[in-house]
Amino acid sequence: MKLIAFEVESWEADAFETLGDRYDCLTTRDPMRSENVGDYADAEIISTFINSKLGADVLGQFDDLKMIATRSTGFDHIDLDHCREQGITVCNVPTYGTNTVAEHVFALLLALSHKIEHAVNRTRKGDFSSRGLQGFDLHGKTLGVIGTGDIGCAAIRIARGFDMNVLGYDVKPDESTAEKFGFEYVPLERLLERSDVITIHVPGSEKTRHLIGGGQFDRMKEGAVVINTARGEVVDIQALVRALAEGRVAGAGLDVLPEEPVIREEAELLRSVYEREHDLDTLLANHVLLHLTNVIVTPHSAFNTREAVQRILDTTVENIERFADGDPQNVVTG
Ligand code: NAI
5 MKLIAFEVES WEADAFETLG DRYDCLTTRD PMRSENVGDY ADAEIISTFI NSKLGADVLG
65 QFDDLKMIAT RSTGFDHIDL DHCREQGITV CNVPTYGTNT VAEHVFALLL ALSHKIEHAV
125 NRTRKGDFSS RGLQGFDLHG KTLGVIGTGD IGCAAIRIAR GFDMNVLGYD VKPDESTAEK
185 FGFEYVPLER LLERSDVITI HVPGSEKTRH LIGGGQFDRM KEGAVVINTA RGEVVDIQAL
245 VRALAEGRVA GAGLDVLPEE PVIREEAELL RSVYEREHDL DTLLANHVLL HLTNVIVTPH
305 SAFNTREAVQ RILDTTVENI ERFADGDPQN VVTG
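Residue numbers for the sequence shown follow our numbering, so the first one is 5 and each next one is one higher.
Have a look at this one:
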């Protein structure tokens, strides 16, 4: 079976070597794009990460594609309808980053609440004054968790360790989970009104696009802090910039931004094709956020710990082998 793994660093390639003779395996550091997909059109199995946008235009160029093993939990970068129509099985890695991403939520939150970035920048310059570095306690504050699945619940567990009160909102509330982790489900509006810190853990989809927009920011407590490690598109980024400018939101910790692959290739902005295909207002809002001192942005790295990446590779190899054995696991194409 011809297998191509995209976005693979050299040290990750070893994991694919373990697949053995059954596969004709090629790994590349490149993401899959419409420009290079022609070089790999004979693949039967592909493995990608989130920087490869797998729309029908790209997937339609494969002659015999049977399986996509995405090395991520989210699968909003893949056109699942096209895959279903074409009989392509898509498998993900559901729980590898549960604690990892939740830990990153608190890395962002504590960095904001203790003004770590400013403090460190100051001491690096030999300035040990503490003026303007006053932060706030997490103890006794209310955390609102939007999406109480695996990562949301891991964040709740950590929050309880800080003695935070927790409110949850989910389209599928589970009272036994609330009881187990000690939080209360409330409607989204109540969560927005009552939370000091709001953290987002819903999947990216058409349904969750701009779940948090102007109306939601208006309902938030004055001075709320927003953390997003889910998907950039869940937050209306232009509305967030407005809420920050008005002081409604006091700070934001963002591991994800809309139009992420594009912001990575800033130079490409100069090309007219990008002006046509991408929302420049959103890109501009991203750039504003990157330069605000009360906003911390990480480059979609919440998942990126030694242990989590090993879990991704192990499960991906297992997903591929189970598919080849006719007994697929972690299938998201239904
Ligand atoms: P999960 O499937 O366990 O939980 C998602 C929860 O969101 C579910 O409880 C679901 O009912 C709820 N939900 C879905 N639509 C909703 C809506 N419209 N309103 C309210 N609740 C809704 O997923 P998990 O493992 O917790 O991951 C969440 C997301 O985190 C992933 O889909 C992915 O996009 C993102 N993620 C980000 C990473 C990073 O490196 N930044 C790494 C891993 C995941």
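Ideal Cβ placement from N, Cα and C applies to all residues, glycine included.
C-alpha distance - residue i paired with residue j, whole-angstrom precision
{"i": "threonine 22", "j": "glutamine 65", "result": "28 angstroms"}
{"i": "lysine 176", "j": "threonine 320", "result": "28 angstroms"}
{"i": "glycine 59", "j": "leucine 84", "result": "9 angstroms"}
{"i": "glutamate 322", "j": "valine 12", "result": "17 angstroms"}
{"i": "glycine 91", "j": "valine 124", "result": "52 angstroms"}
{"i": "glycine 339", "j": "glutamine 333", "result": "Here the chain has residues from 5 to 338 only, and residue 339 is not among them."}
{"i": "alanine 254", "j": "lysine 211", "result": "27 angstroms"}
{"i": "leucine 147", "j": "valine 229", "result": "10 angstroms"}
{"i": "leucine 192", "j": "glycine 130", "result": "45 angstroms"}
{"i": "glycine 172", "j": "glycine 218", "result": "20 angstroms"}
{"i": "methionine 5", "j": "tyrosine 27", "result": "5 angstroms"}
{"i": "glutamate 188", "j": "serine 209", "result": "25 angstroms"}
{"i": "threonine 203", "j": "isoleucine 8", "result": "36 angstroms"}
{"i": "threonine 104", "j": "isoleucine 155", "result": "9 angstroms"}
{"i": "cysteine 29", "j": "alanine 47", "result": "9 angstroms"}
{"i": "glutamate 89", "j": "aspartate 318", "result": "29 angstroms"}
Residue i burial status per 10 Å Cβ neighbour count (16 or more: buried)
{"i": "alanine 45", "result": "exposed"}
{"i": "threonine 297", "result": "exposed"}
{"i": "serine 134", "result": "exposed"}
{"i": "glutamate 16", "result": "buried"}
{"i": "arginine 235", "result": "buried"}
{"i": "serine 76", "result": "buried"}
{"i": "phenylalanine 132", "result": "exposed"}
{"i": "glycine 153", "result": "buried"}
{"i": "leucine 294", "result": "exposed"}
{"i": "leucine 215", "result": "buried"}
{"i": "leucine 137", "result": "exposed"}
{"i": "serine 14", "result": "exposed"}
{"i": "serine 38", "result": "exposed"}
{"i": "glycine 144", "result": "exposed"}
{"i": "alanine 314", "result": "Here the sequence assigns glutamine to residue 314, which means alanine is not the residue at that position. Glutamine 314 is exposed by the Cβ-count criterion."}
Three-state class that DSSP yields for residue i in the structure shown
{"i": "glycine 151", "result": "coil"}
{"i": "asparagine 232", "result": "strand"}
{"i": "asparagine 169", "result": "strand"}
{"i": "alanine 256", "result": "strand"}
{"i": "valine 245", "result": "helix"}
{"i": "valine 328", "result": "In the sequence on display, residue 328 carries alanine and not valine. Helix."}
{"i": "leucine 23", "result": "coil"}
{"i": "glutamate 13", "result": "coil"}
{"i": "leucine 195", "result": "helix"}
{"i": "alanine 73", "result": "strand"}
{"i": "lysine 6", "result": "strand"}
Residue j beta carbon less than 8 angstroms from that of residue i
{"i": "cysteine 87", "j": "valine 97", "result": "no"}
{"i": "glutamate 263", "j": "histidine 304", "result": "no"}
{"i": "alanine 256", "j": "valine 299", "result": "yes"}
{"i": "threonine 52", "j": "threonine 32", "result": "no"}
{"i": "glycine 151", "j": "histidine 118", "result": "no"}
{"i": "phenylalanine 327", "j": "glycine 101", "result": "no"}
{"i": "valine 206", "j": "valine 238", "result": "yes"}
{"i": "valine 201", "j": "leucine 69", "result": "no"}
{"i": "methionine 224", "j": "leucine 261", "result": "no"}
{"i": "asparagine 232", "j": "leucine 248", "result": "no"}
{"i": "glutamate 226", "j": "arginine 198", "result": "no"}
{"i": "glutamine 242", "j": "threonine 286", "result": "yes"}
{"i": "isoleucine 49", "j": "isoleucine 324", "result": "yes"}
{"i": "aspartate 2", "j": "phenylalanine 10", "result": "Past the edges of the chain, shown from 5 to 338, lies residue 2, and the structure says nothing about it."}
{"i": "glutamate 121", "j": "alanine 115", "result": "yes"}
{"i": "phenylalanine 110", "j": "isoleucine 160", "result": "no"}
Entirely enclosed beta strand (DSSP E) segments - the segment 29 to 53, minimum 3 residues
The qualifying runs are 49 to 52.
Kindly provide the ranges of any beta strand (DSSP E) runs that are 3 or more residues long and lie completely inside the segment 91 to 158, ordered along the chain.
Segments of the beta strand (DSSP E) lying fully in the segment 91 to 158: 93 to 95, 146 to 150.
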